[in-house]
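Taken in order, these protein sequences are the chains called A and B. The numbering of the first sequence is this note's numbering, which starts it at 1 and goes up by one. The numbering of the second sequence is this note's numbering, which starts it at 359 and goes up by one.
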Amino acid sequence: MEHPLIDLVNISKTFDNTMVLDDLCLSVKENTFVTLLGPSGCGKTTPLRIIGGFEKPDTGKVIFDGQDITNLPPNKRQLNTVFQKYALFTHMTIAENIAFGLKIKNKPKAYIDDKIKYALKLVNLDGFENRSVASLSGGQQQRIAIARAIVNEPRVLLLDEPLGALDLKLRQDMQYELIRLKNELGITFIYVTHDQEEALTMSDTIVVMNQGYIQQMGSPEQIYNEPENAFVADFIGESNIVPGTMIRDELVEIFGARFACVDKGFGVNRPVDVVIRPEDIDLVEPEKGTLTGVCTHLIFKGVHYEMEVTTPDGFEWLVHSTDMCPVGKQVGIHVDPFDIQIMNKPESEDEEAVGVNE
Amino acid sequence: MNKNASRFLAGPYIIWMIGFTVIPLIMIILYCLTDGDGAFTLANVAAIATPEHRKALFLSLGLSLVSTLICLVMAYPLALILRKRNVGQGSFIVFIFILPMWMNFLLRTMAWQTLLEKNGVINGILSALHLPNLAIINTPWAIILGMVYNFLPFMVLPIYNVLIKIDDDVINAAQDLGASTAQTITKILIPLSLPGIISGINMVFVPALTTFVISNLLGGSKILLIGNVIEQEFTKGSNWHLGSGLSLVLMFFILVSMALMAKYDKEGEGTAF
Ligand SMILES: Nc1ncnc2c1ncn2[C@@H]1O[C@H](COP(=O)(O)OP(=O)(O)OP(=O)(O)O)[C@@H](O)[C@H]1O
Ligand SMILES: [Mg+2]
């Protein structure tokens, strides 16, 4: 197996007596796009700053390409950071900003000029060499921050919510540009965001974090379709999380009704949590449904309708569908077996706190 | 209505400015351009060229420049340390630096006189320890010491105020791009804090150039700065015309210094408080 480019080994970090990272382990392979995803304040920036060298872990090691770089200062590391607030040098022109790292390394002038041109082209800002930082829009400044980092040909690019300050349209454009850049340059990206859609769109691997712990790590499809716990299910997209009982392999009981599923190995008559995505619920005639309920809410969302169906036990199922069901109508709920995701219930209070409450 | 109201509110300040700035200035100009009989003359300005006045002016310029430079060299690292410690405006360290500014300027300088005197406190301690005595009282060195002591906070504060506004991530970015600590200071921090530096230089240089109290108390009667000369013309010499002429020459140097400040500090970032 190829060895990872970056390895965080048992990293712990405490700020003011608060444990921010607890025994974090994370491996990043070369040439992948890894996203750290989690709610605000969960400790996403801290591992990034530890990799960048701006923060030292209390315990644990940072391994880069087989070398321990835990105590190496930032200016000696072969990686570059794109900061959340761009952090451009306002007393320099755009060209001087981009040239900064190369001048420090005493590269020849012709090489630097070439690089500036190339980088500006890459971020679609040709001809901006002599503009001042203040004359650029947020999106343009962001792209300059990226250009300033990539001209140094880092092996890893660290990006801390780089699109956080941009509007939706620009954010989507930039997402595609970043994916394009990553493919063109072959750099490993470690990306921090609290936006789950952004994470799903861009990443090869998503690391879902909460309260300093990794909740789940996997491809976007795995994270979305097979969340391992209620926190991940709840954080990634909308979902119905209901208590159920695993009757036996491939059969789960929810509110007294039995659903066929594809999960195995949870034991017999075990209480579990069941995740069903709103778009995976089919509303059918009442007599054809596994459960029946009444439609109690209807909103038109553009692409689909959002409905709430209340079953007799009082649970409100969130349903997304292109077919409308009027409020007050009796409907049946049907779910295909492979759309049902079974999760272990949290075993202790502690784990529950880590899992569900933010 | 609104315009009238704001005019009405500005009234007291306009009266203040006219009464205490504009009229005195006009009077100084009038005194400067006339002789004792009220006839027009440029002799009062030209008097700066006499050897004794020229000597006082050059000495003043020299001592203020040296003091300003010493203040800058001391203040910048201090401001950097204060910034790094991330101490707020209200913190103890900043308080310690502002504290002497609350004490009367005259008292502070007289205290130094007592400390530095031939039989003063410092020499008393040195003698007790059988160390050679310090003989800097009544020399230019004592004046420089007095200037640096009195004006250092005026250098620290504007620089510190600009430095704390620089985002940590800007410094991190420089290091991230390979800059060493020294390179980060010379290529990022100093250029970005230039408005504060310029402001600090002015706030030290201008009062140092015009002072006569510090030279009176610490320089003895032998060392005359241009401030002392002007003071004497107004008090002992009673030649207000000559005093005004020399004042205007001094004002020219102050205006040049202020113009430089305005040029480099367009955003007004470097103001001290
Ligand atoms: N320098 C610091 N001093 C004290 N506490 C800190 C420091 N840096 C981070 N923290 C705390 O550590 C926790 C995690 O911080 P971190 O910046 O890693 O979160 P985050 O997931 O990046 O949050 P956000 O999405 O809001 O940027 C927070 O509770 C924060 O208050
Ligand atoms: Mg953050």
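The beta-carbon is built from N, C-alpha and C at its ideal position, and this holds for glycine as well.
Taking 8 Å as the CB threshold, Val520 (chain B) stays off the interface with chain A. Taken atom to atom, the span from the alpha-carbon of Ala397 (chain B) to that of Leu388 (chain B) is near 10 Å. CA-to-CA, the gap between Gly38 (chain A) and Phe54 (chain A) works out to about 21 Å. Taking a beta-carbon distance threshold of 8 Å, Gly536 (chain B) counts as an interface residue toward chain A. Taking a C-beta distance under 8 Å as the contact criterion, Met505 (chain B) and Thr569 (chain B) qualify as a contact pair.
Residues of chain A with a Cβ closer than 8 Å to the Cβ of Leu547 (chain B) do not exist; the shortest Cβ-Cβ separation is about 10 Å.
Three or more Cβ pairs drawn from the stretch 337-344 of chain A and the stretch 244-258 of chain A lie within less than 8 Å of each other, which places the two stretches in contact. Classified as buried, Phe33 (chain A) has 16 or more neighbouring CB atoms from the shown chains inside 10 Å of its CB. The alpha helix (DSSP H) runs of length 4 or more contained entirely in the stretch 211-294 of chain A are, from start to end of the chain, 220-225, 230-235. Judged by beta-carbon spacing, Lys85 (chain A) lies within the 8 Å limit of Asp527 (chain B), meaning their Cβ atoms are closer than that value. Straight through space, the alpha carbons of Ala469 (chain B) and Gly601 (chain B) are spaced by roughly 29 Å. Comparing alpha carbon positions, the residue from B:Pro498, B:Pro516, B:Arg412, B:Ile406 closest to Phe455 (chain B) is B:Pro516. In the three-state DSSP reduction, Asn586 (chain B) falls in the helix class (H, G or I).
Every residue whose beta carbon comes nearer than 7 Å to a heavy atom of ligand 2 appears here in chain order: A:Lys44, A:Thr45, A:Gln84, A:Asp160, A:Glu161, A:Val192. For the stretch 504-534 of chain B, residues whose beta-carbon sits nearer than 9 Å to a beta-carbon of chain A comprise Asp525, Asp526, Asp527, Val528, Ile529, Asn530, Ala531, Ala532, Gln533, Asp534. The contact set of Pro73 (chain A) on chain B, defined by CB atoms closer than 9 Å, consists of Gln533, Ser538, Thr539 in chain order. Residue burial annotation: Glu589 (chain B) is buried, with at least 16 other C-beta atoms found within 10 angstroms of its C-beta. DSSP places Tyr118 (chain A) in the helix class (H, G or I) of the three-state scheme. Relative to the non-hydrogen atoms of ligand 1, the Cβ of Ser12 (chain A) never comes closer than 7 Å to any of them. Using a cutoff of 7 Å, the CB of Phe15 (chain A) counts as near ligand 1, since one of the ligand's heavy atoms is closer than that. It is roughly 23 Å from the alpha-carbon of Asp22 (chain A) to the alpha-carbon of Pro73 (chain A). Ile190 (chain A) sits in a strand when the DSSP states are folded into three classes.
Here the alpha carbons of Asn491 (chain B) and Ser485 (chain B) stand approximately 7 Å from one another. In this structure, the beta-carbon distance from Ile50 (chain A) to Lys13 (chain A) falls below 8 Å. Contact between Ile480 (chain B) and Leu576 (chain B) is absent: CB atoms are separated by about 13 Å, not below the 8 Å threshold.
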